[in-house]
Amino acid sequence: MTATARTEALLHIQASTVEAAHQLPDVTLKTRREFSGWILSLRGEKKDEAMDYSDLRHKPRIFERIAIAGFLIVLCTLITKQSLGSNGTNVFSRHELGVTHVLITGGAGYIGSHAALRLLKDSYRVTIVDNLSRGNIGAIKVLQSLFPQPGRLQFIFADLGDAKTVDKIFSENAFDAVMHFAAVAYVGESTLEPLRYYHNITANTLVVLEAMVRHGVKTLIYSSTCATYGEPEKMPITEETPQFPINPYGKAKKMAEDIILDFSKNSNMAVMILRYFNVIGSDPEGRLGEAPRPELREHGRISGACFDAALSIIPGLKVKGTDYPTRDGTCIRDYIDVTDLVDAHVKALEKARPKRVGIYNVGTGKGRSVKEFVDACKKATGADIKVEYLSRRPGDYAEVYSDPSKINRELNWTAQHTNLLESLSIAWRWQKSHRNGYSSP
Ligand SMILES: O=c1ccn([C@@H]2O[C@H](COP(=O)(O)OP(=O)(O)O[C@H]3OC[C@@H](O)[C@H](O)[C@H]3O)[C@@H](O)[C@H]2O)c(=O)[nH]1
Numbered sequence: 001m002t003a004t005a006r007t008e009a010l011l012h013i014q015a016s017t018v019e020a021a022h023q024l025p026d027v028t029l030k031t032r033r034e035f036s037g038w039i040l041s042l043r044g045e046k047k048d049e050a051m052d053y054s055d056l057r058h059k060p061r062i063f064e065r066i067a068i069a070g071f072l073i074v075l076c077t078l079i080t081k082q083s084l085g086s087n088g089t090n091v092f093s094r095h096e097l098g099v100t101h102v103l104i105t106g107g108a109g110y111i112g113s114h115a116a117l118r119l120l121k122d123s124y125r126v127t128i129v130d131n132l133s134r135g136n137i138g139a140i141k142v143l144q145s146l147f148p149q150p151g152r153l154q155f156i157f158a159d160l161g162d163a164k165t166v167d168k169i170f171s172e173n174a175f176d177a178v179m180h181f182a183a184v185a186y187v188g189e190s191t192l193e194p195l196r197y198y199h200n201i202t203a204n205t206l207v208v209l210e211a212m213v214r215h216g217v218k219t220l221i222y223s224s225t226c227a228t229y230g231e232p233e234k235m236p237i238t239e240e241t242p243q244f245p246i247n248p249y250g251k252a253k254k255m256a257e258d259i260i261l262d263f264s265k266n267s268n269m270a271v272m273i274l275r276y277f278n279v280i281g282s283d284p285e286g287r288l289g290e291a292p293r294p295e296l297r298e299h300g301r302i303s304g305a306c307f308d309a310a311l312s313i314i315p316g317l318k319v320k321g322t323d324y325p326t327r328d329g330t331c332i333r334d335y336i337d338v339t340d341l342v343d344a345h346v347k348a349l350e351k352a353r354p355k356r357v358g359i360y361n362v363g364t365g366k367g368r369s370v371k372e373f374v375d376a377c378k379k380a381t382g383a384d385i386k387v388e389y390l391s392r393r394p395g396d397y398a399e400v401y402s403d404p405s406k407i408n409r410e411l412n413w414t415a416q417h418t419n420l421l422e423s424l425s426i427a428w429r430w431q432k433s434h435r436n437g438y439s440s441p
């Protein structure tokens, strides 16, 4: 286009704009008249009923324009703060706008997949990173079938130990928050393979944290455990109970906590550390469940062992230790339903604020012995589970149960599913229809 043609085109546009202005609809004229009237009343002048909107006398003077602009700026700032939080990073409000993107590490695992389901249901955007060493692709497939819409759920097969890949994932995605679930998590196995535990839990947390810092991700919800307390003298356990873990799993989680907490002292990051007690149950609608690796059966948790025994996958349940100083000689644990646990994560995410560091026990506050647990499991499954009594399992502590009052108070969270039989019955429904985990109907 030549310079002359461009000038002609511009003149044409201006002419049509003037034309359009002359055809302003009545409503615009009315608004301008009202505006002029408002300006006059601010000046203390009398409103001229016959005034014309185009009368220059009624246009705001320069200082009035500055005052109006200032007023509008203050108003816009207030509205923005209201919707984005005082420093623009309020996760909850961004979620209300429908944009919160949460990275779930270990989202193919038992707890991670339930958390992903809940977040997706609540309209969050979710990216799962999992190396499938402990998790199940079957859980991912279920989630994908429930949320097939583009942009809702992304699955990335990757190992958190691979810092380069993790960095690439962060650079290709704008995460608002990270829920770091991925970890090996068997107390018994940790005593046999401590290096695996220290590396997987501690080093990988460092990789995630460093990537968050590099890419400006401001919120971390960290999965910790009651195992960090070890064997406290006083029950119930509060967040102030001294942490003296007695097995590599608990020690590695405590180290990861220390790394995060030391880092948080000079950072704006919002950090929520959730110390889970013993997680049981499954999605009440039967879409997800707990599917531990068959080769790790010997290290498995009590709930999995009970169900395996009920399904005759193993000949019977081995109760490990009957000489603990407890009411019936078996260990006491605080069993928390996975639905409540993921609810605690959502509440933690909603209440996360820059520089806020929260540490919370997530438990029911009730302790149940292994024998009581096995009785409930027999009722839930209806199976006459054969029980064998063995000596103690290395790394076990006699009794832990939580004082959940801090999380009740600060996150407005209370365990809702405290009926052990009910939680086990729900989990059993899924287990018996998934005899071989996700790979079998
Ligand atoms: O087959 C079994 C399994 C477990 N148990 C006993 O059941 C009790 C609970 O053991 P689990 O392995 O289910 O759970 P743990 O208490 O060791 O740790 C659990 O809770 C805290 C979480 O953070 C851990 O990830 C989780 O493994 C222990 O006393 C254990 O010895 C058995 O008697 N037989």
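Quick note on numbering: the sequence shown equals residues 1 to 441 in UniProt numbering. A virtual CB, placed ideally from N, CA and C, is assigned to each residue, including glycine. These numbers come from a predicted model, not from an experiment.
With 16 other Cβ atoms within 10 Å as the buried cut-off, status of arginine 65: exposed
Proximal residues to glutamine 23 (C-beta, below 7 Å), its chain only, five neighbours per side dropped: Residue placement at glutamine 23 cannot be trusted, given a pLDDT of 45 that sits under 50; what the coordinates show is reported in the next sentence. Taken in chain order, the list of residues that qualify is empty.
Close-in-space but distant-in-sequence residues of the same chain around leucine 288 (CB under 7 Å, 5 per side omitted): Ser113, His114, Leu117, Ala139, Val142, Ser282
Cβ-heavy atom distance, cysteine 377 to ligand 1, below 7 Å: Not under cutoff, so the answer is no.
Short Cβ contact (8 Å threshold) for alanine 108 with aspartate 122: no
Length at least 4, wholly inside the segment 190-252: the alpha helix (DSSP H) runs in chain order: 194-197, 204-214
Length-filtered (3 minimum) beta strand (DSSP E) runs lying within the segment 371-431: 387-390
Distance CB(glycine 365)-CB(tyrosine 389) smaller than 8 Å: no
Segment limits, alpha helix (DSSP H) that includes threonine 339: 338-351
Heavy atom of ligand 1 within 7 Å of isoleucine 302 beta-carbon: yes
Which of helix, strand or coil DSSP assigns to alanine 270: strand
Spatially closest choice to tyrosine 197 from Gly250, Ser223, Pro354, by CA coordinates: It is Gly250.
Assigned secondary structure, valine 279 (DSSP; H/G/I helix, E/B strand, else coil): strand
Buried or exposed (CB count within 10 angstroms, at least 16 for buried), lysine 253: buried
Cβ neighbour criterion (16 or more within 10 Å) applied to aspartate 323: exposed
Proximal residues to glutamate 410 (C-beta, below 7 Å), its chain only, five neighbours per side dropped: Gly358
Close beta carbons around valine 370, own chain, < 6 Å, minus the five adjacent residues each side: Val319, Thr330, Cys331
Under 8 Å between C-beta atoms of isoleucine 111 and phenylalanine 181: yes
For tyrosine 125, three-class secondary structure by DSSP: Here residue 125 is arginine; the residue named in the question, tyrosine, does not match the sequence. If DSSP states are grouped into helix, strand and coil, arginine 125 belongs with the strands.
Endpoints, the beta strand (DSSP E) within which isoleucine 156 is located: 153-157
heavy atom of ligand 1 below 7 Å from glycine 321 C-beta: yes
Any 3 or more C-beta pairs closer than 8 Å across the segment 421-441 and the segment 344-359: Touching, no, given that fewer than three Cβ pairs across the two stretches are closer than 8 Å.
Run of the beta strand (DSSP E) containing lysine 141, from where it starts to where it stops: Element bounds for lysine 141: not the beta strand (DSSP E) but the alpha helix (DSSP H), 137-146.
Close Cβ partners of isoleucine 314 (< 8 Å) along its chain, the five nearest in sequence each way excluded: Arg297, Ala305, Asp308
Whether histidine 101 touches arginine 125 by CB criterion (8 Å): yes
Enclosing alpha helix (DSSP H) for lysine 164 [first to last residue]: It spans 163-172 - the alpha helix (DSSP H) in which lysine 164 sits, taken as one unbroken run.
Sub-8 Å separation of serine 224 and isoleucine 273 beta-carbons: Contact flag set, yes.
Local Cβ density within 10 Å of proline 25, reported as buried at 16 or more and exposed below that: Note on proline 25: pLDDT 44, under 50, position unreliable in the model; the coordinate value appears next. Proline 25 comes out exposed.
Cβ separation of aspartate 340 and alanine 398, assumed to be a contact under 8 Å, to the nearest whole Å: Not confirmed; about 25 Å, so no contact.
Classification of glycine 286 by the beta-carbon crowding that lies within 10 angstroms, buried from 16 upward: exposed
Spatial neighbours of serine 190 in its chain, beta-carbon cut-off 6 Å, leaving aside the 5 residues before and after: Tyr197, Asn247, Pro248, Tyr249
Cβ-based neighbour list, isoleucine 259, same chain, cut-off 8 Å, excluding 5 preceding and 5 following: Thr202, Thr205, Leu206, Leu209
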